[in-house]
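Remarks on the structure that follows.
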Amino acid sequence: MRAALVRAAGIASAILLAAIYAVGPVRAASEVCGDDFIVEGGHFYSQTGRDTGRGYAVTDDVEARFWTAFQREGGIATLGFPVSSRYMFKGLPTQAFQKAILQWDTARDSVNFLNTLDELSLAGKDAELIAFRQTPPHIFLIEDSGLNPAIPVDFAKIMDNHLKLLTLNPVIQQRFQSEPRWLELYGLPVSYADFGPVQVLRAQRQVFQVWTVDGGGGPKGLAVLANGGDLAKEFGLIPEPAIDPVEAVNVVLGEARIELGRSIVSQGDVVVVRLHGAVGPATVALGSTVAPAVCDSGALSAILPISSVAEPGEYVLKVNLIGRESPVELEQAVSIVPTDYPAAQIELSPEVQQLLSPEVVEMERMILDAIFNGFDVERRWTGRFEIPAAGSPTSPFGERRTYGAEGLFDYHRGHDIAAGAGTPVFAAQNGKIVWADALKVRGNAVIIDHGRGVFSGYYHLSAIEAQVGDDVATGTRVGAVGSTGLSTGAHLHWEVRVLNVPVDPVQWSRGGILTD
Numbered sequence: 001m002r003a004a005l006v007r008a009a010g011i012a013s014a015i016l017l018a019a020i021y022a023v024g025p026v027r028a029a030s031e032v033c034g035d036d037f038i039v040e041g042g043h044f045y046s047q048t049g050r051d052t053g054r055g056y057a058v059t060d061d062v063e064a065r066f067w068t069a070f071q072r073e074g075g076i077a078t079l080g081f082p083v084s085s086r087y088m089f090k091g092l093p094t095q096a097f098q099k100a101i102l103q104w105d106t107a108r109d110s111v112n113f114l115n116t117l118d119e120l121s122l123a124g125k126d127a128e129l130i131a132f133r134q135t136p137p138h139i140f141l142i143e144d145s146g147l148n149p150a151i152p153v154d155f156a157k158i159m160d161n162h163l164k165l166l167t168l169n170p171v172i173q174q175r176f177q178s179e180p181r182w183l184e185l186y187g188l189p190v191s192y193a194d195f196g197p198v199q200v201l202r203a204q205r206q207v208f209q210v211w212t213v214d215g216g217g218g219p220k221g222l223a224v225l226a227n228g229g230d231l232a233k234e235f236g237l238i239p240e241p242a243i244d245p246v247e248a249v250n251v252v253l254g255e256a257r258i259e260l261g262r263s264i265v266s267q268g269d270v271v272v273v274r275l276h277g278a279v280g281p282a283t284v285a286l287g288s289t290v291a292p293a294v295c296d297s298g299a300l301s302a303i304l305p306i307s308s309v310a311e312p313g314e315y316v317l318k319v320n321l322i323g324r325e326s327p328v329e330l331e332q333a334v335s336i337v338p339t340d341y342p343a344a345q346i347e348l349s350p351e352v353q354q355l356l357s358p359e360v361v362e363m364e365r366m367i368l369d370a371i372f373n374g375f376d377v378e379r380r381w382t383g384r385f386e387i388p389a390a391g392s393p394t395s396p397f398g399e400r401r402t403y404g405a406e407g408l409f410d411y412h413r414g415h416d417i418a419a420g421a422g423t424p425v426f427a428a429q430n431g432k433i434v435w436a437d438a439l440k441v442r443g444n445a446v447i448i449d450h451g452r453g454v455f456s457g458y459y460h461l462s463a464i465e466a467q468v469g470d471d472v473a474t475g476t477r478v479g480a481v482g483s484t485g486l487s488t489g490a491h492l493h494w495e496v497r498v499l500n501v502p503v504d505p506v507q508w509s510r511g512g513i514l515t516d
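Using the numbering used here, the first residue of the sequence shown is number 1, and each one after it goes up by one.
As structure tokens, then:
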């Protein structure tokens with residue numbers, strides 16, 4: 001018996017050390033962090049890249065200076081994000097943005113605004129525009145007959161003729177003429193139609209809409225833009241190769257630096273690392289724990305767990321930036337300070353004691369390793385973690401435990417909440433169910449993947465009320481308190497693991513861990 005317990009203790013210790021010190025596989029990180037960033041000669045935007053991380057660059061070069069023009073003409077606020085790469089249209093370099101299309105006039109060495117809606121009409125798209133986007137066709141005004149727009153006096157008359165269309169809708173008229181650069185940005189009004197639910201003015205470069213019903217394509221009673229560049233893209237005026245989003249190239253990086261949430265952390269806590277001036281892939285290591293850096297809120301970030309049995313002392317956090325032409329290594333000092341964990345003697349019946357046999361422990365470890373070593377780059381949690389059940393806290397995380405008269409030692413990997421059998425158990429945060437079944441030691445169990453290598457476990461349940469693959473939100477009921485598995489009474493064992501290392505779940509209920 002003594003030999004068996006010593007063997008079990010050795011296996012348990014090996015399991016602890018494996019959880020603390022084993023180096024898991026290095027997972028891939030995002031290639032470039034952020035929605036937009038500086039590239040050589042301009043800027044790269046991925047906001048209209050179909051959620052692929054790809055997008056379109058706006059740059060200056062010997063052919064055209066679109067980046068300079070984009071900024072001068074008002075940037076994103078005026079033109080919107082780019083919706084194409086540069087292409088040739090009627091012999092001139094051209095680039096489309098959400099609200100306008102710019103053409104580089106080599107003779108003037110400057111940009112012109114393309115008459116996008118006029119070009120759609122010339123391309124034979126008027127029937128499709130009225131059928132699918134309730135945009136009236138281009139109409140030639142009789143009053144313009146005999147007038148030459150190249151003659152200033154005639155053009156003034158043409159402009160007066162077209163501006164009269166605005167009087168058909170005072171709401172559109174006010175929005176249109178409130179823009180000092182209306183001629184440059186919108187061109188002349190061309191046609192107007194009242195379709196009932198929506199009233200529409202077509203100009204040479206833009207479309208205005210006023211919705212008269214709730215639930216239409218815009219706020220009721222206000223003039224909104226339908227975005228000429230988007231219409232050109234939708235109706236085939238832009239060549240397909242220019243529409244396809246591309247990878248960013250020639251990224252200009254600032255000086256890389258490390259930002260730590262805290263440089264002094266306790267056993268059972270986590271280190272939150274943010275990397276600025278960096279592109280991926282990148283890894284962050286503390287001791288032998290290695291984490292990928294993943295794009296989060298404009299910077300690469302990583303979460304490194306500190307085991308409750310990690311040796312206190314001074315450590316060096318190492319960052320490996322391999323997304324540059326030459327790999328860059330950064331270092332930062334981190335201090336791990338001890339946590340004053342309580343100790344407890346746990347008496348077990350012979351039947352329950354059998355659950356600590358080496359065979360049972362090893363089998364369950366293999367099952368959990370397969371789950372907890374998973375890594376999904378999507379961060380599903382959006383705030384602090386909620387306490388998952390109503391009850392009284394009993395055994396805290398990290399408690400040093402001795403089991404039975406033979407003195408088998410272990411530490412508590414979770415936070416226990418004493419509650420009556422059947423008490424509802426809820427998801428602590430948003431995530432996906434990755435385990436909903438019985439385990440020998442942990443009893444009926446539910447495990448939720450919150451992304452970024454963060455998991456929460458709910459053990460000893462009397463009932464499982466979730467299925468693998470379910471997406472759950474904070475507060476979704478997933479089970480009921482019980483006393484199944486290695487348990488001496490009804491309670492919930494709540495666990496949080498990061499990169500397969502148990503950490504203090506109560507710490508996550510206080511917020512501050514990438515909870516924006």
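The beta carbon of each residue, even a glycine, is placed where N, CA and C say it ideally should be.
Residue from the options whose Cα sits closest to the Cα of residue i
i, options, result
"residue 375", "239, 414, 453", "453"
"residue 449", "496, 503, 131", "496"
"residue 116", "196, 65, 99", "99"
"residue 134", "243, 125, 141", "125"
"residue 400", "413, 238, 173, 481", "413"
"residue 436", "297, 468, 492, 88", "468"
"residue 93", "145, 177, 238", "238"
"residue 112", "358, 72, 277, 131", "72"
"residue 492", "313, 183, 388", "388"
"residue 78", "96, 89, 300", "96"
"residue 104", "505, 118, 87", "87"
"residue 101", "51, 89, 114, 419", "114"
"residue 54", "245, 190, 240, 210", "245"
"residue 432", "211, 455, 35", "455"
"residue 197", "207, 208, 191, 217", "217"
"residue 464", "136, 422, 430", "422"
"residue 366", "500, 327, 390, 338", "500"
"residue 434", "368, 391, 172, 395", "368"
"residue 286", "335, 486, 242, 299", "335"
"residue 47", "235, 252, 34, 70", "34"
"residue 311", "337, 291, 294", "337"
"residue 166", "154, 210, 155", "210"
Residue i (DSSP reduced to helix, strand or coil)
i, result
"residue 138", "coil"
"residue 155", "helix"
"residue 266", "strand"
"residue 195", "coil"
"residue 79", "helix"
"residue 171", "helix"
"residue 112", "strand"
"residue 186", "helix"
"residue 121", "helix"
"residue 22", "Because the pLDDT of residue 22 is 34, which lies under 50, any placement of that residue in the model is unreliable, and the number read from its coordinates should be weighed accordingly. Coil, per DSSP."
"residue 509", "coil"
"residue 320", "strand"
"residue 381", "coil"
"residue 43", "strand"
"residue 282", "strand"
"residue 415", "strand"
"residue 143", "helix"
"residue 11", "Confidence is the limiting factor: at residue 11 the pLDDT is only 33, short of 50, which leaves the residue's position unreliable, though a coordinate-based value still follows. Helix at residue 11."
"residue 68", "helix"
"residue 176", "helix"
"residue 37", "strand"
"residue 306", "coil"
"residue 89", "strand"
"residue 376", "coil"
"residue 340", "coil"
First and last residue of the uninterrupted beta strand (DSSP E) at residue i
i, result
"residue 361", "First-last for residue 361: 358–372, but that is the alpha helix (DSSP H), not the beta strand (DSSP E)."
"residue 92", "92–96"
"residue 296", "294–296"
"residue 504", "Element bounds for residue 504: n/a, residue is neither H nor E."
"residue 59", "56–59"
Limits of the unbroken alpha helix (DSSP H) element including residue i
i, result
"residue 397", "From DSSP, residue 397 is part of no alpha helix (DSSP H); its letter is neither H nor E."
"residue 387", "It is not in any alpha helix (DSSP H) - residue 387 carries neither H nor E in the DSSP assignment."
"residue 133", "126–133"
Contiguous alpha helix (DSSP H) assignments of at least 4 residues, all confined to the region 426–495 | none
Any chance you could list the alpha helix (DSSP H) runs of at least 4 consecutive residues sitting entirely within the region 193–251, in chain order?
-> 228–234, 240–243
Segment contact, 8 Å Cβ cut-off, at least three pairs: the region 196–210 with the region 224–232 | yes
Stretch-stretch touch, CB-based, cutoff 8 Å, three pairs: the region 362–380 with the region 329–343 | no
If we count Cβ pairs, one from each stretch, closer than 8 Å, do we get three or more for the region 303–314 versus the region 265–276?
-> Taking 8 Å as the limit for Cβ pairs, the verdict is that the region 265–276 does touch the region 303–314.
So does the region 249–268 actually touch the region 276–296, counting three or more Cβ pairs closer than 8 Å?
-> yes
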